[in-house]
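*Asks:* Numbering (our numbering), first residue to last: 753 to 1298.
Each residue gets a CB set at the ideal place from its N, CA and C atoms; glycine is no exception.
Since the structure is predicted, the reported quantities are computational estimates derived from the model, not experimental observations.
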């Protein structure tokens, strides 16, 4: 094969792997590569004003497409900016292929300006991190990284690309990366054992996470839950793993305090864990939260997560869809008439509870946010993609815009702020045919507000909503729990949680970045705001006062 500069052949490798959009922020040590990017055909560079924003947009793009996304960061300083967002991608198993340049291998001994150990910096927030030092292995290394990113457990990978290595002539073949198939089925014997452990449970519970969504196992999950009459709780869940309207869905376990999760599942005598680990709270229970004698079965493609924190009776390293399908088949054949009747009775109880709750919900409370959400739901019929970083306002968002269909709802994950707005930009770029609305708190939005500029620059018609309570409200809630646990008398919240002064003009800031924007203070303004947002060509932001 005729040799061409490595920087040019690298772009052909990215295209061979379907990575024809790159998100990033430029720097001097990448200038030769970015010059080649500008000249490349059928390859798009999406510019962000800061690396955190670029990483968030790439994460949202990957989540919306279901595939990998390509992210370019600038040397050590840019990688440092992006690390917090890469942690989100690591915890959420987003397959990002991250590249960063450096001045060159020839300068390693000089310890010069911007010199840093990029691989050591990236390793804690990636599945795989490496640096190419030989021009004959650029494409080979990138293919390996793509394969690792897309192989469950998926996640971000990092490749450092020195300038002098990319400047060298390269004759490597351009070949698509080979990603192994992982639709692994458990043995009939192990499925039979799982059915035996779960069938006799009188208070069964399913704990499910995003491994279900990745496998496309939502239907199989619902079938097993109905056969067992089992409550379903989502754990470390940020995608649609079971429809919000399913009567057996009971919501999320705790993400902050272990006792909350323990309270939810402490009476269960049969537990099936699928596609997640237990438990992901910031302050988890150190002792097992499961009832003594409870039978616990854990299914995941990620064997590391099985019984990571608490022992289980049976662990199956298998694809959730294949395993749940097989389990449903065995339960269909082997459940006794009495077990079927008991499961049907539990399902009936939850169905009637759901009907009563819907009847009692009544009208909204008349607040601007409730009116805005109700109007948005009515105008769209719920046909939109929601990127939800509303945090304390999220229960209200999902009341009116419930997470029903796979791909229509993405929740923040990982613990750091700033994913909502760039995530919406990435999702809209991936799904230009759909209405995409990103929700963020006022505090979270300010981490990555520059994402609106990227949307305006590239004609990405995403919509944005600031849930503005003028504080880091989640911290108020968390410290109140801290006070209760330690018998500390309630008092004023720390001043560092307050964002009320000086007041931020979110609508004006949106306009300064090239997007439309308006502020909503009264309920009657909320109705008009929905109309303006939906009819505005291009990105538009609504600042809703809470």
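Residue 911 to residue 785, Cα distance in whole Å?
*Replies:* 14 angstroms
*Asks:* Should residue 800 and residue 1203 be called a contact, given that it needs their Cβ atoms to be closer than 9 angstroms?
*Replies:* yes
*Asks:* Using CA coordinates, which residue listed in 1024, 1060 and 1026 is at the minimum distance from residue 1039?
*Replies:* 1060
*Asks:* Counting only the same chain and skipping the five closest in sequence on each side, list residues whose C-beta sits under 6 angstroms from that of residue 1161.
*Replies:* If we look at residue 1161 and ignore the five residues flanking it on each side, its Cβ neighbours are 992, 1138 and 1155.
*Asks:* Please return the same chain residues whose Cβ sits closer than 7 angstroms to the Cβ of residue 898, not counting the five positions on each side in sequence.
*Replies:* Excluding five sequence positions before and after residue 898, the CB atoms of its chain that fall closer than 7 angstroms to its own CB belong to 769, 820, 849 and 929, given in chain order.
*Asks:* Which of helix, strand or coil does DSSP assign to residue 1159?
*Replies:* coil
*Asks:* Consult DSSP for residue 1025 and reduce its assignment to one of helix, strand or coil.
*Replies:* strand
*Asks:* Does the count of Cβ pairs from the segment 851-869 and the segment 781-798 closer than 8 angstroms reach three?
*Replies:* Touching, per the Cβ criterion.
*Asks:* Looking at the structure shown, is residue 1036 part of a helix, part of a strand, or coil, going by DSSP?
*Replies:* coil
*Asks:* Enumerate in chain order the residues of its own chain whose CB-to-CB distance from residue 1019 is below 8 angstroms, with the five nearest sequence positions on each side excluded.
*Replies:* 955 and 1043
*Asks:* What is the DSSP secondary structure of residue 845, reduced to helix, strand or coil?
*Replies:* coil
*Asks:* Identify every run of the alpha helix (DSSP H) within the segment 1064-1121, keeping only runs that are complete inside it and at least 4 residues long; order them along the chain.
*Replies:* 1072-1086 and 1089-1113
*Asks:* With burial defined as no fewer than 16 other Cβ atoms inside 10 Å of the residue's Cβ, what is the status of residue 933: buried or exposed?
*Replies:* exposed
*Asks:* Does the Cβ-Cβ distance between residue 766 and residue 894 come in under 9 angstroms?
*Replies:* yes
*Asks:* Could you pull the start and end residues of the beta strand (DSSP E) that residue 1050 belongs to?
*Replies:* 1047-1052
*Asks:* When DSSP builds the beta bridges, which residues end up paired with residue 922?
*Replies:* Looking at the DSSP assignment, residue 922 forms a beta bridge with 756.
*Asks:* Does the distance from the CB of residue 1210 to the CB of residue 798 come in under 9 angstroms?
*Replies:* yes
*Asks:* Considering only DSSP beta bridges, list what residue 1137 is partnered with.
*Replies:* 1188
*Asks:* In the DSSP assignment, find the beta strand (DSSP E) that holds residue 1003 and state where it starts and stops.
*Replies:* 1001-1004
*Asks:* Taking only the alpha-carbon atoms, compute the straight-line gap between residue 1084 and residue 979 and give it to the nearest angstrom.
*Replies:* 7 angstroms
*Asks:* Tell me, to the nearest whole angstrom, how far the beta carbon of residue 808 is from that of residue 1174; I am working on the premise that it is less than 8 angstroms.
*Replies:* 3 angstroms
*Asks:* Residue ranges of each beta strand (DSSP E) run of no fewer than 3 residues wholly in the segment 1236-1273, ordered along the chain?
*Replies:* Runs of the beta strand (DSSP E) spanning 3 or more residues and lying entirely within the segment 1236-1273 occur at 1268-1272, in chain order.
*Asks:* How big is the Cα-Cα spacing for residue 1031 and residue 1012?
*Replies:* So the two alpha carbons sit approximately 11 angstroms from each other.
*Asks:* To test your reading of the DSSP string, which unbroken beta strand (DSSP E) runs of 3 or more residues are found completely within the segment 795-873?
*Replies:* 796-799, 821-825 and 848-854
*Asks:* I need the DSSP call for residue 705, collapsed to helix, strand or coil.
*Replies:* With the chain represented from 753 up to 1298, any question about residue 705 goes unanswered, as that position is not in the structure.
*Asks:* Taking 8 angstroms as the threshold, find out whether the segment 1229-1238 comes into contact with the segment 824-840 through three or more Cβ pairs.
*Replies:* no
*Asks:* Strictly by DSSP, which residues pair up with residue 1193?
*Replies:* 1219
*Asks:* Is it buried or exposed for residue 846, if we count other Cβ within 10 angstroms and need 16 for buried?
*Replies:* Looking at its Cβ environment, which holds 16 or more other Cβ atoms inside 10 Å, residue 846 is buried.
*Asks:* Quick one: Cα of residue 1116 to Cα of residue 1135, how far?
*Replies:* Whole-angstrom Cα-Cα distance: 20 angstroms.
*Asks:* From this set, 1276, 1041, 1269 and 1292, which residue's C-alpha is nearest residue 1188's C-alpha?
*Replies:* It is 1292 whose Cα lies nearest to the Cα of residue 1188.
*Asks:* Short of 6 angstroms in beta carbon distance, which residues of its chain neighbour residue 1036, apart from the five on each side in sequence? Order them along the chain.
*Replies:* 1010
*Asks:* Does the beta-carbon of residue 1247 have 16 or more other beta-carbons within 10 angstroms, so that it is buried, or is it exposed?
*Replies:* exposed
*Asks:* Mind checking whether residue 1057 and residue 905 have CB atoms under 9 angstroms apart?
*Replies:* yes
*Asks:* If we ignore side chains and look at the alpha-carbon of each, how far apart do residue 1171 and residue 869 end up?
*Replies:* 27 angstroms
*Asks:* Locate the alpha helix (DSSP H) running through residue 893, then write down its first and last residues.
*Replies:* 890-902
*Asks:* On the DSSP letters alone, give me the boundaries of the beta strand (DSSP E) that residue 1170 sits inside.
*Replies:* Unbroken run through residue 1170: none, as it is neither H nor E.
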